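All residue numbers for the sequence shown refer to this note's numbering, where the first residue is 2 and numbers rise by one.
Below you'll find the structure, written out as structure tokens, and then a few comments.
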Amino acid sequence: MTGSLRERNKAAAIEQVRDVAFTLMYRHGFDAVTVEQIAAATSVSPSTVYRYFGTKEALVLSTERPIQLVERLARDESDRTALAAFERAANKVWNGDDALAAEVSLVVANPALVERFERQLLDQRPAVAELFARRRGKKTPGTKDEALAAAAIAVLATAVLGWQRAGGVKPLDKLLAKSFEAIALAERVTPA
Numbered sequence: 002m003t004g005s006l007r008e009r010n011k012a013a014a015i016e017q018v019r020d021v022a023f024t025l026m027y028r029h030g031f032d033a034v035t036v037e038q039i040a041a042a043t044s045v046s047p048s049t050v051y052r053y054f055g056t057k058e059a060l061v062l063s064t065e066r067p068i069q070l071v072e073r074l075a076r077d078e079s080d081r082t083a084l085a086a087f088e089r090a091a092n093k094v095w096n097g098d099d100a101l102a103a104e105v106s107l108v109v110a111n112p113a114l115v116e117r118f119e120r121q122l123l124d125q126r127p128a129v130a131e132l133f134a135r136r137r138g139k140k141t142p143g144t145k146d147e148a149l150a151a152a153a154i155a156v157l158a159t160a161v162l163g164w165q166r167a168g169g170v171k172p173l174d175k176l177l178a179k180s181f182e183a184i185a186l187a188e189r190v191t192p193a
């Protein structure tokens, strides 16, 4: 971990608040847990929780996964298709993380959080479209890049939410592969 002692302490405090909040919400339900209870359980003030996260909803959705997805996709210099690279990046970011099931179960149980989760992913569409265009040797995204980026993000959201709605039993990478198969043909047959 890099940064000053102050930054490291703040990051540790944020992580502790997040961990305790998830434990409380997982045990009692999202709606039953207040920011005040989270603050008391972590020995910080409610205003500190609000300063770190803004809202209880933002706390649940405070993951870095959407940004990590774009970063990982940007580092992929393979000759994979755009969708294959996106799927690979999604698997790297979303698979093998024990905290994911708890996070997504809270999201799935709350329709307002589902909408914000999807919005959080969709906010990455311009960056994903730009990376898709770059993979095709274009400087700016065209309609195909925009459409494929939106479709890839929708597939990811559907697979992750569906995985948790089904109890997280089936491996997420298998659901992602099956879901991406559904749109891979479109990438191959649509003109540039």
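The beta-carbon is built from N, C-alpha and C at its ideal position, and this holds for glycine as well.
As the structure is a computational prediction, the values presented were derived from the model and not from experiment.
**Request:** With a cut-off of 8 Å on the beta carbons, I'd call Asp-77 and Arg-89 a contact; round off their distance for me.
**Result:** 7 Å
**Request:** With DSSP as the reference, label Gln-125 as helix, strand or coil.
**Result:** coil
**Prompt:** If Ala-91 sits next to Leu-157, beta carbons under 8 Å apart, how far is it from one beta carbon to the other, in whole angstroms?
**Reply:** 5 Å
**Prompt:** Which class does Leu-62 belong to by DSSP, given the choice of helix, strand or coil?
**Reply:** coil
**Prompt:** Along the chain, where does the alpha helix (DSSP H) that runs through Ser-46 open and close?
**Reply:** Taken as a continuous stretch (DSSP letters only), Ser-46 belongs to no alpha helix (DSSP H), as it is neither H nor E.
**Request:** Would you please state the rounded distance, in angstroms, between the beta carbons of Leu-173 and Arg-117? I believe it to be under 8 Å.
**Result:** In fact, because the Cβ distance is near 20 Å, the residues do not count as touching under 8 Å.
**Item:** Expected contact under 8 Å - CB spacing of Leu-70 and Gln-125 to nearest Å
**Value:** Your pair Leu-70 and Gln-125 checks out as a contact, with CB atoms roughly 7 Å apart and the cut at 8 Å.
**Request:** Mind checking which residues open and close the alpha helix (DSSP H) that includes Glu-104?
**Result:** 99-109
**Message:** I'd like the list of long-range same chain contacts for Ala-83, defined as Cβ closer than 7 Å, with 5 residues on each side in sequence excluded.
**Reply:** If we look at Ala-83 and ignore the five residues flanking it on each side, its Cβ neighbours are Phe-133, Arg-136, Leu-149, Glu-188.
**Prompt:** Exposed or buried, Arg-180, counting other C-beta atoms within 10 Å across all chains shown (16 or more means buried)?
**Reply:** One point to set straight first is that residue 180 is Ser, not Arg, in the sequence displayed. Per the 10 Å Cβ criterion, buried.
**Message:** Gln-165 and Val-109 - do their beta-carbons sit closer together than 8 Å?
**Reply:** yes
**Message:** Considering Cα atoms alone, identify which of Thr-64, Ser-44, Val-36, Glu-65 is closest to Tyr-51.
**Reply:** Val-36
**Message:** According to DSSP, is Asn-92 part of a helix, a strand, or is it coil?
**Reply:** Helix at Asn-92.
**Asked** The alpha helix (DSSP H) spanning Asp-146 covers which residue range?
**Response** 144-166
**Prompt:** Beta carbon of Thr-43, beta carbon of Val-21: below 8 Å?
**Reply:** yes
**Request:** Could you give the DSSP three-state label for Phe-118: helix, strand or coil?
**Result:** helix
**Sub-8 Å separation of Val-115 and Ile-154 beta-carbons** = Going by beta carbons, Val-115 and Ile-154 fall outside the 8 Å limit.
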